[in-house]
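Participant:
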Amino acid sequence: LAKTTQPISMDSYEGQEVNITCSHNNIATNDYITWYQQFPSQGPRFIIQGYKTKVTNEVASLFIPADRKSSTLSLPRVSLSDTAVYYCLVGDNTNAGKSTFGDGTTLTVKP
Amino acid sequence: DAGVIQSPRHEVTEMGQEVTLRCKPISGHNSLFWYRQTMMRGLELLIYFNNNVPIDDSGMPEDRFSAKMPNASFSTLKIQPSEPRDSAVYFCASNEQGLSYEQYFGPGTRLTVT
């Protein structure tokens, strides 16, 4: 599985856009990029998944450059409730059992 | 759908006792995963099943840990005997095999071994 590297922590303020970047230099051709969110005392929750270019849903956007060696999770206009740990995972969708959650990025949104 | 159901939500036991954690996956999901989360080691995959069959248990820390999935709607993770270092939050997750990395996690069981 491709190893991922994310910042350990980030701070932001309400209403700002937050971008969290994940590096995955060894990503394989069949690998997808998946992001999870985890609130304290809860299990991780799927946010978004992509393969290349840009993916957008009601929660976030995922930007993936052409070389796919990194990806950026973009959270528009964050609120205090977006304070959580965000995990980036990379892997082949046909082998979803091999999930490796790294240390994640702790996002703290301040008023 | 009620989502992934785990029981108990909290468990406090003494060292040496047997602990059994339970999980009911989302109906229709044929893959089930057990994870352990601690501050020191983060979120670790212990074992996962496809169609009730254990596929990879390389994450199971030692022989004191065992997991079973007797049918598509139920799985157990057993620790016998338990030790203080087993204290952690144990998560169960499920998904439809091969469709994506979109796993659905349960609320977790917080285990404390004294």
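Chains as they are written, first to last, in the numbering used here: chain R, 1 to 111; chain V, 1001 to 1114. Where a beta carbon is used, it is the ideal one built from N, C-alpha and C, also for glycine. Predicted, not measured: the structure shown is a model, and the values here were computed from it.
Between which residues of its own chain and V:Leu1043 is the CB-CB distance below 7 angstroms, once the five residues before and five after are set aside?
Facilitator: If we look at V:Leu1043 and ignore the five residues flanking it on each side, its Cβ neighbours are Tyr1035 and Gln1037.
Participant: Of the residues V:Pro1081, V:Gln1006, V:Asn1030 and V:Val1053, which one's Cα is nearest the Cα of V:Cys1023?
Facilitator: Ranking the options by Cα distance to V:Cys1023, first place goes to V:Gln1006.
Participant: Within this structure, are the beta carbons of V:Phe1033 and V:Ala1072 separated by less than 7 angstroms?
Facilitator: No, these two residues do not count as a Cβ contact at 7 angstroms.
Participant: Thinking C-beta only, is V:Tyr1101 closer than 7 angstroms to R:Thr72?
Facilitator: It is not a contact, given that the beta carbons lie outside the stated cut-off.
Participant: Along the beta strand (DSSP E) that carries V:Gln1037, what are the first and last residues, could you check?
Facilitator: Ser1031 to Thr1038 is the span of the beta strand (DSSP E), which, as asked, contains V:Gln1037.
Participant: How many angstroms separate the CA atom of V:Met1089 from the CA atom of R:Ser41?
Facilitator: According to the sequence shown, residue 1089 of chain V is Val rather than Met. Approximately 9 angstroms, taken between the alpha carbons.
Participant: In the structure shown, what three-state DSSP assignment does R:Pro7 receive?
Facilitator: Coil, per DSSP.
Participant: Helix, strand or coil for V:Arg1085? Go by DSSP, reduced to three states.
Facilitator: Three-state DSSP puts V:Arg1085 in a helix.
Participant: Could you tell me whether the Cβ of V:Phe961 comes closer than 7 angstroms to any Cβ of chain R?
Facilitator: In the structure as shown, chain V begins at 1001 and stops at 1114. Residue 961 of chain V is therefore absent and cannot be evaluated.
Participant: Within the same chain, show all residues whose beta-carbon is closer than 8 angstroms to that of R:Met10, passing over the 5 residues directly before and after it, in chain order.
Facilitator: Around R:Met10: Val18, Ile20, Thr105, Thr106, Leu107 and Thr108.
Participant: Please return the same chain residues whose Cβ sits closer than 6 angstroms to the Cβ of V:Asn1030, not counting the five positions on each side in sequence.
Facilitator: Hits under 6 angstroms: Asn1051 and Gln1097.
Participant: Alpha carbon to alpha carbon, how far is V:Met1069 from V:Thr1076? Give it in angstroms, no decimals.
Facilitator: Looking at the two C-alpha atoms, the distance is approximately 7 angstroms.
Participant: Can you tell me the Cα-Cα spacing of V:Gly1003 and V:Tyr1104, whole angstroms?
Facilitator: Distance between the alpha carbons of V:Gly1003 and V:Tyr1104: 8 angstroms.
Participant: Does the Cβ of V:Ser1058 have 16 or more other Cβ atoms within 10 Å, making it buried, or fewer, making it exposed?
Facilitator: By the 10 Å Cβ count, V:Ser1058 comes out exposed.
Participant: Straight-line CA distance for R:Arg45 to R:Thr53?
Facilitator: Cα to Cα, the separation comes out at about 23 angstroms.
Participant: Can you check whether the C-beta of V:Phe1105 is within less than 7 angstroms of a C-beta belonging to chain R?
Facilitator: Yes, V:Phe1105 counts as interfacial toward chain R.
Participant: Name the DSSP bridge partner or partners of V:Arg1022?
Facilitator: Beta-bridge pairing links V:Arg1022 to V:Ser1007 and V:Thr1076.
Participant: Compare the Cα-Cα distances from R:Asp82 to each of R:Gly15, R:Cys88, R:Ser70 and R:Tyr51 and report the closest residue.
Facilitator: The shortest C-alpha separation from R:Asp82 is found at R:Gly15.
Participant: Give the interface partners of V:Tyr1090 over in chain C, defined as CB-CB distance under 9 angstroms, in chain order.
Facilitator: Within the model displayed, chain C is absent; protein chains R and V are what it includes.
Participant: If you drop the 5 nearest sequence neighbours on each side, which residues of the same chain put their C-beta closer than 6 angstroms to that of R:Gln6?
Facilitator: Correct list, in chain order: Cys22, Cys88 and Thr105.
Participant: With DSSP run on the structure shown, which of helix, strand or coil describes R:Ser70?
Facilitator: Strand at R:Ser70.
Participant: Check whether the Cβ atoms of R:Ala60 and R:Ile48 sit closer than 7 angstroms, and answer yes or no.
Facilitator: In contact: R:Ala60 and R:Ile48 (Cβ atoms closer than 7 angstroms).
Participant: I think R:Gly50 touches R:Tyr36, with their Cβ atoms under 8 angstroms apart; what is that distance to the nearest whole Å?
Facilitator: The Cβ separation is near 14 angstroms, so there is no contact.
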